[in-house]
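As structure tokens, the structure follows; a few thoughts come after it.
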Amino acid sequence: MHPWVGLSDHVRLGVVTRWVTPELVAGVLEKCGVRDKKPGALPAGFMVYFTLALALFQQDSHDDVAEQLVGAIRELSGRIPNKSSFTRARKRLGPLVLETVFRELASPLAPIDLEGSFYRGMRLAAVDGFVLDAPDTTANRAAFGGPAKNGQPAGFPQVRVVTLTECGTHAQVDAAVGGFSGGERELAMALAGSASGMLVIMDRNFPGVALWKAYLGAGAHLLIRARSPVAHRPVEHLPDGTYLARMNLAGQKGAHHAGVLVRVIEYRVDGGEVVRLLTDLLDPVDFPAAELARLYHARWEAESAFRQIKTFQRGPAEVLRSGDPDLVRQEVWAHLVVHHCLTRIIMSLAEDNGIDPDRVSFVKVLKHTRRSVVRQCADTPKRIKKFLAMLAAKVHRKLDNGARRLREADRHLKRPDSKYSSKLSYRINTRDRQPTRRVAPKVITLQPTIVH
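Per our numbering, numbering through the sequence shown is continuous, rising by one, with the last residue being 452.
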């Protein structure tokens with residue numbers, strides 16, 4: 001009998017256990033119908049924590065992750081099961097369990113008075129997506145697809161993730177996972193049910209009649225950037241220079257009953273191209289165009305959350321570790337669970353210290369969370385509380401309650417796309433190179449329509 005039998009059930013995931021509790025895990029396993037047929041070294045409850053640990057320690061091998069998880073427990077650290085045993089146990093667990101854990105946890109976190117979180121009583125959220133490279137196996141390519149060139153596969157298979165992200169906290173409220181060949185709009189449709197009471201901001205890849213109706217039907221409001229051909233014929237000019245227009249399905253005439261009425265706001269930033277926003281907030285007095293134009297910038301908070309997942313949490317590992325499509329999905333949901341828990345830790349620290357969560361370093365929280373797992377120093381409610389108090393003290397010493405930072409910075413070219421670039425400026429080795437683009441204070445100029 002393997003020495004882990006009967007003991008691995010007691011392994012926890014450090015401070016993450018505050019939210020992914022043993023009771024939550026047991027309830028999810030029961031809901032998903034996943035049960036252990038007999039006592040074993042890798043029971044389903046342990047595998048939930050192990051799969052989350054794979055996301056938390058993305059750059060480590062299965063063996064190393066197991067060492068991180070049980071290294072401080074003398075009875076378990078002597079004999080680590082091999083990788084194939086972990087893979088079989090992950091397949092028995094399946095992707096639905098981790099998806100259900102995410103859905104049990106995912107929720108808005110911002111209090112009503114948190115800066116950048118609400119607009120006129122509506123919670124601010126953004127819908128956007130990103131892709132992750134998966135190992136180039138036949139199964140992954142068939143399940144997810146990937147980029148192609150001249151009809152031939154180019155690069156890795158890619159899994160597409162679209163999330164509903166709370167702007168004030170970067171918390172993922174909902175998410176949908178699909179393949180590269182599926183569009184972002186289709187995945188975004190699945191998130192409408194979680195957007196009630198929110199003002200949802202999207203970029204120009206998303207406008208569509210079906211999506212519009214889905215979100216409004218769920219009790220959400222929308223602020224979406226659109227390309228010039230979309231809803232471009234005014235049906236009514238408003239006093240503030242914005243106008244009402246109809247957005248229709250492709251091939252429909254302007255007054256078709258299946259279309260939707262939208263308000264169009266047009267403006268320029270620093271004299272650049274015309275930006276067009278569509279919204280269902282039709283009253284120009286209650287919802288001034290200048291406020292909505294400034295508000296669109298909050299969409300970039302979703303990009304900041306994606307950076308936390310892809311650059312810091314995942315680290316330099318550019319490809320997911322799983323060669324089986326179900327395990328790829330399981331891995332993606334594990335990353336989303338871990339990120340949501342890290343966001344909850346940040347919110348807890350911010351509230352305890354009276355600072356904006358934007359002032360708490362995601363990287364520091366990630367490092368301390370990893371240490372809590374390695375040391376198994378937060379495996380009970382009492383020890384979790386003690387660990388968070390210690391972490392709060394460190395945050396209080398290192399950070400000030402400054403103003404919330406804007407997502408703006410001078411753009412520097414860090415490295416050329418190719419070392420053989422033809423541009424001489426790329427080959428000049430100098431530390432005094434000037435920014436390729438400076439970010440000055442933004443000037444938003446509304447573009448009122450001309451009534452003929």
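Yeah, the Cβ is synthetic: ideal placement off N, Cα and C, and Gly gets one too.
Next item on the list: Would you mind giving the Cβ-Cβ distance between Arg185 and Arg204, rounded to the nearest angstrom? I have them listed as a contact below 8 Å.
Entry: Not a contact, Cβ separation roughly 11 Å.
Margin query: With a threshold of 8 Å, are at least 3 pairs of Cβ atoms found where one atom belongs to the segment 98–116 and the other to the segment 322–336?
Written below: yes
- prompt: Does the separation of the CB atoms of Leu244 and Leu216 fall below 8 Å?
  reply: no
Task: Burial state of Leu114 (16 or more Cβ within 10 Å) - done: Per the 10 Å Cβ criterion, buried.
Quiz item: If you pair each beta-carbon of the segment 85–101 with each one of the segment 263–275, do three or more pairs fall below 8 Å?
Solution: no
Check: What distance in whole Å lies between the Cβ atoms of Val20 and Cys341, which are believed to be in contact at a cut-off of 8 Å?
Finding: 7 Å
Task: Three-state secondary structure (DSSP) of Leu282 - done: coil
Looking at the strands, I want to know which residues DSSP matches up with Lys149. Gln152
Query raised in the report: What is the rounded straight-line gap between the Cα of Val177 and the Cα of Ala55?
Result: 16 Å
Considering only residues of the same chain and omitting the five flanking positions on each side of Arg90, which have a CB-CB separation below 7 Å? Met47, Thr51, Leu327, Gln330
Just checking, does the segment 30–39 make contact with the segment 285–296 on the three C-beta pairs under 8 Å criterion?
no
Give me the Cα-Cα distance between Arg307 and Ala214, rounded to the nearest whole angstrom. 28 Å
- Message: Need the endpoints of the alpha helix (DSSP H) that Asp352 sits in, please.
- Response: 325–353
### Message
Quick check: the Cα distance between Glu301 and Pro153, rounded to an integer number of angstroms?
### Response
32 Å
Between the Cα of Leu191 and those of Thr163, Thr369, Ala143, Pro381, spot the shortest distance and give me the residue it belongs to.
Thr163
Give me the Cα-Cα distance between Asp128 and Cys167, rounded to the nearest whole angstrom. In a straight line, the C-alpha of Asp128 is about 12 Å away from that of Cys167.
Original post:
Do Val200 and Arg160 have their C-beta atoms closer together than 8 Å?
Top reply: no
- Task: Under the assumption that Leu388 contacts Ser361 (Cβ atoms under 8 Å), give the Cβ distance between them as a whole number of angstroms.
- Result: 15 Å between Cβ atoms; not a contact.
Check: Run through DSSP, which three-state label would Ala258 get?
Finding: coil
In the structure shown, what three-state DSSP assignment does Gln459 receive? Here the chain covers residues 1 to 452 and nothing more, so residue 459 does not appear.
- Item | Identity of the residue in Trp4, Phe180, Met198, Pro229 nearest Pro207 by Cα | Pro229
Query raised in the report: By how many angstroms is the C-alpha of Val269 removed from the C-alpha of Met122?
Result: The alpha-carbon separation between Met122 and Val269 amounts to approximately 25 Å.
Could you check whether Val34 and Ala527 sit closer than 8 Å to each other, using their CB atoms as the reference points? The requested residue 527 does not occur in the structure, where the chain is confined to residues 1 to 452.
Sequence-distant residues of the same chain with beta carbon closer than 6 Å to Ser194, five excluded per side: Excluding residues within five positions, the ones whose Cβ falls inside 6 Å are Leu164, Val173, Asp174.
Inter-residue CB distance, Leu277 and Ile265 (contact presumed, cutoff 8 Å)
4 Å
Per-residue burial, Glu99 [other beta carbons within 10 Å of its own, 16 or more giving buried]: buried
To the nearest whole angstrom, what separates the beta carbons of Gly259 and Gln59, a pair I think is in contact under 8 Å? 49 Å between Cβ atoms; not a contact.
Collapsed DSSP secondary structure at Phe118 in the structure displayed: If DSSP states are grouped into helix, strand and coil, Phe118 belongs with the strands.
Given Pro284, which residues of its chain have a CB within under 7 Å of its CB, disregarding the five upstream and five downstream residues?
Correct list, in chain order: Leu238, Pro239, Asp240, Thr242.
message: Threshold first: 4 residues or longer. Then list the alpha helix (DSSP H) segments lying entirely within the segment 14–63, N to C.
response: With a minimum length of 4 residues, the continuous alpha helix (DSSP H) runs that stay inside the segment 14–63 are 22–32, 44–56.
### Spatially closest choice to His221 from Glu23, Gly183, Arg120, Phe180, by CA coordinates
Checked all of Glu23, Gly183, Arg120, Phe180; the closest Cα to His221 is Arg120.
Does the distance from the CB of Pro147 to the CB of Phe180 come in under 8 Å? yes
Q) For Glu291, which beta-bridge partners are listed by DSSP? A) Its beta-bridge partners do not exist; DSSP assigns none.
*Kindly indicate which three-state DSSP category Ile384 falls into: helix, strand or coil?*
helix
**Study point:** 8 Å Cβ cutoff met for Ala218 and Met189
**Key:** no
Would you mind giving the Cβ-Cβ distance between Gln68 and Val373, rounded to the nearest angstrom? I have them listed as a contact below 8 Å. 6 Å
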